[in-house]
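Taking it in order: structure first as structure tokens, then the write-up.
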Amino acid sequence: MKTPVYKRLAKLVLRYWPYLLASSAAALIFVILNVLSIWLTASLINNILTDFDSISREQLSWAQTDQLTLNERLKYIANQLILQDSQLASLRQLCLIIFGVFLFKNIFLYIKNVLVSYVQFSLIVRIRNKLYRHIHTLSMSYFNRKKSGELASVMMNDVNVMQNAFTTTFQKILVEPINILFFGVSLFIIDWKLSLVALMTLPLAGFLYISIGVSIRRKSKRIQEKIASIMHILTEVLYSIRVIKAFATKRYEIKKFESEGKRYFRLLFRRAKLKNLATPINEIIGVIIGVVLLWYGGMQVIQTETLTSEDFLRFILMLFAMLAPIKTLGTVNITIQNSLAAADRVFIILDSNPEINDKPNAKEIKSFSEEIRFDSVSFDYGKDSVPVLKNVSFSIPKGSVVALVGASGSGKSTVADLIPRFYDTTSGSVKIDGEDIREIKLESLRRMMGIVSQEVVLFNDTVRYNISYGQPETKDNDIIFAAKSANAMEFIDSLPEGLDTVIGERGVKLSGGQKQRLSIARAIIKNPPLLILDEATSSLDSESEKLVQHAIDQLMKDRTVLVIAHRLSTVKNADDIVVLEKGEIIERGTHNTLIQEDGLYRHLYNIQFN
């Protein structure tokens, strides 16, 4: 059975129990001093309004009586601290005590808040780090299903919502229940009948708050989903801005964004209407309690004289002081519901299991000595998808160059994705030196490979960082050697700061050929025994292709290479060419052998070279 969200959050919070314990102790002292400050405030008003001699006589009477109520005993102890030889001296003493109580009350409030702040910020950073680490463990198929904007929204927005909730909740949920308890006990000590009248309305208030909170949680979850949708539209537009401008579709994109914004506004407004109900409910309940108690308590003071004016004043002060934390807890409940809605989305990601995992006894590997073999491999992306590969079998002998050729959608890139286990085969196996790659540790398997693809991924950092990515200890001499080998040093020298030039997001400051040469330099630095070239030159112009192809030739020396290419000129010298059509191998052989056959390879070659 799925563990409730609040229990999972509590489990995370309890890791910081020493800080919470110290904060709770500080909160308890704060509450005691808070109740005492209100008690003394009533004594201060009574001291000013009441005849000093009557207070002294009452104190003397209590001193001579053995049977005192708890309320009388507390007043007697307070008067012992306050009463001096004269009314003015007593007032001075009372003011000093009240100042001291308020001073220490706020010192302990500060200690409590600082400790809670440490817990809440540590917890949020921990959750975000845990989420980020978990995302790195998920398989490629997960990212194919999920929108990048949605993941970014959960990482930033939902975790921020949780932080805001913790800020409010931790600061108040430790103090306010204790406040309410102490104030409630004080009210019963003063007059239990009045206290029962006051407490009769609280269940109604609690019911209303809970009902509002549940509805707000539902709406908050939908709001978080809508924010994710807006972020997805935004990131997609920013990524595709060149295409949008080229096709003059800005009106369509703006309309789509604004339409999503309107739906977001409606959800926000509905939630706001519910949240804003909390304050009027508080005020109405408070006024009802106040009016009823003023009438009932006033009658006890004026008519029956069963309640002293000092006790009635103290009761009213305590009651309204207790209503404040009750009101705060009502708003805390709303904030908690927002937080739980955000936490639901965070835990959905954390509960997503990676489909590609290391086996418990997986082996390390650094290289291979014989071959990589596809043994009756079939693959599809799910039960409702069309098979991408069907019973594919071929080998890549160590030191050889094997090329995959075929029309778009024939399964070439899927073959390349199966070797580093971006996906696992549906049936059959991929083996290295006879060992199924599912028996090899993922990290060591992938470290053995260098991948240069058509879509070059570069980071918004320096040229040096991008070339040495994954190899942070690389020396400048090696970086320069790799750049020269990749025919990249010429354009690097022309950059404003050479190797230290920041190339912009996705290398936006570089041309396609320059980006590709940087990715080749990165592969040279990695120095992998197996190289996978996936359409590495297909998007380049003739001049850039010539430079990149020369760099690739340098990179391919003394390596095992799998080449995927549309342009057959790049695979003419391959040791073995595998021709795929609709996920099946239909031809194999060298360029000369295949060109002599009247098959798909010859057909593709004739199309490209007239």
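Per numbering that gives the first Met the number 0, the very first residue in the sequence shown carries number 0; after that it's consecutive. All residues carry an ideal CB built from backbone N, CA and C; glycine is no exception.
Where residue i falls, given that 16 or more other Cβ within 10 Å makes a residue buried
i	result
THR592	exposed
TRP191	exposed
GLN162	buried
PHE107	buried
TYR422	buried
LEU417	buried
GLU175	buried
VAL113	exposed
PHE120	exposed
ILE584	buried
VAL290	exposed
GLN336	buried
GLU257	exposed
VAL62	Sequence inspection shows Ala at residue 62; the Val mentioned does not correspond to that position. Under this definition ALA62 is an exposed residue.
ARG463	buried
PRO495	exposed
THR64	exposed
Candidates the options, of which the one nearest residue i by Cα
i	options	result
ASN459	SER484, ILE355 and VAL507	VAL507
MET321	LYS111, ILE37, SER23 and LEU19	ILE37
LYS440	ASN337, GLY497, GLY511 and ILE364	ILE364
ILE179	LYS225, VAL30, LYS272 and CYS94	VAL30
ASN156	THR136, SER140 and LEU130	LEU130
PRO324	ARG127, ASN33 and ARG587	ASN33
GLY582	MET447, GLY598 and SER377	SER377
SER152	SER228, ILE172, LEU87 and SER85	SER228
ILE524	GLU504, GLN513, LYS483 and GLN548	LYS483
ARG313	LEU561, ARG516, ILE253 and SER194	SER194
PRO3	ASP357, ALA481, VAL385 and ASP343	ASP343
SER338	GLU586, TYR117 and VAL158	VAL158
THR413	MET139, GLY183, CYS94 and LEU517	MET139
LYS146	ARG127, PRO396, ARG265 and ILE232	ILE232
ASP310	LEU39, LEU27 and PHE608	LEU39
GLY503	VAL456, SER185, PHE103 and ASP350	VAL456
GLU149	HIS549, ILE287 and ALA341	ALA341
GLU442	VAL577, LYS10, ILE76 and ASP357	ASP357
Residue i in three-state terms, based on DSSP
i	result
ARG372	strand
SER23	helix
MET321	helix
MET0	Because MET0 sits at a pLDDT of 49, beneath the cut-off of 50, its placement in the model cannot be relied upon, and the following sentence gives the value as read from the coordinates. Coil, per DSSP.
LEU532	strand
ASN390	strand
PHE378	strand
PRO17	helix
ASP310	helix
GLU586	strand
ALA77	helix
ALA564	coil
ALA402	strand
ASP435	strand
VAL456	coil
LYS111	helix
ILE466	helix
ILE551	helix
THR559	strand
MET230	helix
ASP383	coil
Straight-line gap, residue i to residue j (C-alpha atoms, nearest Å)
i	j	result
ASN605	GLN595	12 Å
ILE134	GLU369	35 Å
ARG521	GLU489	16 Å
ASP475	ARG445	25 Å
ASP557	VAL401	14 Å
ARG262	GLY381	33 Å
MET154	GLY427	37 Å
ASP499	GLN453	25 Å
ARG221	VAL12	26 Å
ARG601	ASP574	17 Å
THR68	SER60	13 Å
SER394	LEU579	14 Å
GLY610	PRO527	Residue 610 is absent from the model: the chain starts at 0 and stops at 609.
LYS249	ILE126	38 Å
THR136	PRO353	6 Å
GLN470	LEU20	45 Å
TYR117	ALA24	16 Å
PHE103	SER22	15 Å
beta-carbon residue i near the ligand HEM non-hydrogen atom, thresh 7 Å
i	result
TYR251	Ligands are entirely absent from the displayed structure, and the ligand HEM is therefore not among its contents.
- Task: With a floor of 4 residues, list each alpha helix (DSSP H) that falls wholly inside the segment 471 to 504, ordered by position along the chain.
- Result: 475 to 484 and 488 to 493
- Task: Please list the segments of the alpha helix (DSSP H) lying wholly inside the segment 136 to 188, counting only runs of 4 or more residues, in order along the chain.
- Result: 139 to 144, 147 to 152 and 158 to 172
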